[in-house]
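Asker: Every number in the working numbering is 97 more than the matching position in the sequence shown, counting from 1. Ideal placement from N, C-alpha and C gives every residue a C-beta, glycine not left out. Keep in mind it's a predicted model, so treat the numbers as computed, not measured. My questions will all concern the structure given below.
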Amino acid sequence: MHTLSTVEKKYLLDSIREIEDFPKPGIKFKDITTLLGDEKAFNLLMDHLTNRYKEMHIDYIAGIESRGFIFGAALAALLKTRFVPIRKPGKLPYTTISEKYSLEYGVDEVTIHIDAFSMPNNQKPKVLLIDDLIATGGTATAAVNLINKAGAECIEACFVINLTFLQGDLDIKKTTSVYSVLEVD
Ligand code: AMP
98 MHTLSTVEKK YLLDSIREIE DFPKPGIKFK DITTLLGDEK AFNLLMDHLT
148 NRYKEMHIDY IAGIESRGFI FGAALAALLK TRFVPIRKPG KLPYTTISEK
198 YSLEYGVDEV TIHIDAFSMP NNQKPKVLLI DDLIATGGTA TAAVNLINKA
248 GAECIEACFV INLTFLQGDL DIKKTTSVYS VLEVD
């Protein structure tokens, strides 16, 4: 399996712009639009993910709204597999199932179409979950639970960036393996 060199990781990290105090004071927002706008960085990332996952027989890639759609759909096409969107409530048009999770104040929810995953012979589909970034891990943990609730098996949760100081991966690791391309502390 191809691993990224220190130089390649630095190139990717430098391609991501950081915006201070967005969307609220104290948050350092990792803006991946600058990575997408740099063809060398975008291709480096997608080649790396293709190499990592090409032998894993993934039946579906599930992307978390909205930046997980970009990387997830691109990877699904490269792996010649299927893509499923995991969305905020009220966005998916057909019957959905959902999973709630706690925020610092209040609750949030992720939803998926009830028939999102189907396989011949009633096999359990193998799903790769993808998002741009893991912070507290609340969204991704709920998404893993949702995938399992929908009758599939989440074999790994993949992130472009892990904000390691928040230790958001610890909870998800109880249910699936976690892979982050870049770690930031
Ligand atoms: P969490 O549930 O706390 O892990 O938050 C993860 C979600 O919020 C992901 O969909 C991220 O895109 C977004 N997010 C959280 N913190 C940041 C950040 N510092 N920069 C960019 N996106 C973030």
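Is residue 283 buried or exposed, if buried means 16 or more other CB atoms sit within 10 Å of its CB?
Answerer: Residue 283 lies beyond the residue range present for the chain, which begins at 98 and ends at 282; the question has no answer from this structure.
Asker: Name the residue from 282, 249 and 238 whose alpha carbon lies nearest to the alpha carbon of residue 220.
Answerer: Locating residue 220 in the sequence shown gives position 123, counting from the first residue. The shortest C-alpha separation from residue 220 is found at 249.
Asker: For residue 254 and residue 183, I'd like the C-alpha separation in whole angstroms.
Answerer: Stepping through the sequence shown from its first residue, residue 254 is reached at position 157. Stepping through the sequence shown from its first residue, residue 183 is reached at position 86. Roughly 13 angstroms separates the two Cα atoms.
Asker: In the DSSP assignment, what are the bridge partners of residue 228?
Answerer: Within the sequence shown, the letter at position 131 stands for residue 228. In DSSP, residue 228 forms a bridge with 256.
Asker: Do three or more CB pairs link the segment 110 to 120 to the segment 128 to 135 at distances below 8 angstroms?
Answerer: A contact exists between the segment 110 to 120 and the segment 128 to 135.
Asker: If you count every other CB in all the chains shown that lies within 10 Å of the CB of residue 181, and 16 or more means buried, which is it?
Answerer: Along the sequence shown, one-based indexing puts residue 181 at 84. Buried, since its Cβ has 16 or more Cβ neighbours within 10 Å.
Asker: Quick check: the segment 191 to 207 against the segment 237 to 246, are there 3 or more CB pairs under 8 angstroms?
Answerer: With a cut-off of 8 angstroms, the segment 237 to 246 and the segment 191 to 207 count as touching, because enough Cβ pairs lie within range.
Asker: With DSSP as the reference, please indicate the residues paired to residue 158 in a beta bridge.
Answerer: If you number the sequence shown from 1, residue 158 lands on position 61. Note: residue 158 sits in a beta bridge opposite 180 and 225.
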